[in-house]
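Asks: For the sequence shown, the working numbering gives the first residue as 6, with consecutive numbering after it.
Every residue gets a Cβ at the ideal spot worked out from N, C-alpha and C, and that includes glycine.
Following this message is one structure expressed as structure tokens.
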Amino acid sequence: MSSTGEVFLGIIALAVVVMAAIQVAAILAGIRLAKRVDALATQLDQEIKPLVANLTAMSAEASRAAALAAAQAERIDRVFGEMLGRVDQTLAAAQAFVTGPARQGMAIMTGIEAVLDAFRSLRESSSRRRAAARPAADEEESLFIG
């Protein structure tokens with residue numbers, strides 16, 4: 006072999022060794038990167054699991070609170086509905102209690118007023134008769150000679 010062939014063969018051997026070293030370094034870097042990614046994934050998993058558990062618990066509590074609030078709102082609505090019904094009944098009873106005797110009292114007052122008006126009209130008519138009868142008696146007495 007010639008010396009130039011040996012030089013080229015040495016260059017090729019050196020290039021193969023450099024390529025092999027680069028490949029080994031790349032493989033080692035890839036393994037190291039894979040380990041770091043695995044550690045990061047494990048850490049992330051460990052940190053996110055409690056967060057997810059907390060979010061799940063919080064959403065369950067929020068759901069339970071919303072259900073309780075809806076039940077309380079329905080209960081309040083039912084209580085106010087019953088209360089309004091009772092208030093209406095009470096007002097109707099109070100109105101009947103007040104207007105019934107008031108109507109009867111007004112009827113009695115109207116009757117008494119009618120009786121008093123009748124007595125007044127009788128008195129006025131009898132006094133008119135007396136007033137009308139007196140001038141005739143006065144005329145008769147003035148005509149009497151005695």
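1) Tell me whether S130 sits in a helix, a strand or coil according to DSSP, three-state version.
2) Enumerate in chain order the residues of its own chain whose CB-to-CB distance from E66 is below 8 Å, with the five nearest sequence positions on each side excluded.
3) When you compare only the Cα positions, how much space is there between G116 and D122?
4) What would DSSP say about I68, mapped onto helix, strand or coil?
5) Going by DSSP in three states, S7 sits in which element: helix, strand or coil?
6) Straight-line CA distance for A58 to A75?
7) Return the CA-CA distance between A46 and V29, expressed in angstroms with no decimal places.
Replies: To lay it out plainly:
1) Position 125 of the sequence shown, counted from the start, is the residue given in the question as residue 130. S130: helix per DSSP, three-state reduction.
2) If you number the sequence shown from 1, residue 66 lands on position 61. Within the same chain, E66 has no close Cβ partners at all.
3) As a position in the sequence shown, residue 116 is number 111, starting the count at 1. As a position in the sequence shown, residue 122 is number 117, starting the count at 1. Answer to the nearest angstrom: the Cα atoms are 10 Å apart.
4) Residue 68 sits at position 63 when you count from the first residue of the sequence shown. At residue 68 the sequence reads Ser, which differs from the Ile that was named. Three-state DSSP puts S68 in a helix.
5) Here residue 7 refers to the residue found at position 2 when the sequence shown is read from its first residue. S7 falls in the coil class under three-state DSSP.
6) As a position in the sequence shown, residue 58 is number 53, starting the count at 1. As a position in the sequence shown, residue 75 is number 70, starting the count at 1. In a straight line, the C-alpha of A58 is about 25 Å away from that of A75.
7) The count along the sequence shown starts at 1 and reaches residue 46 at position 41. The count along the sequence shown starts at 1 and reaches residue 29 at position 24. Taking the straight line joining both Cα atoms gives about 25 Å.
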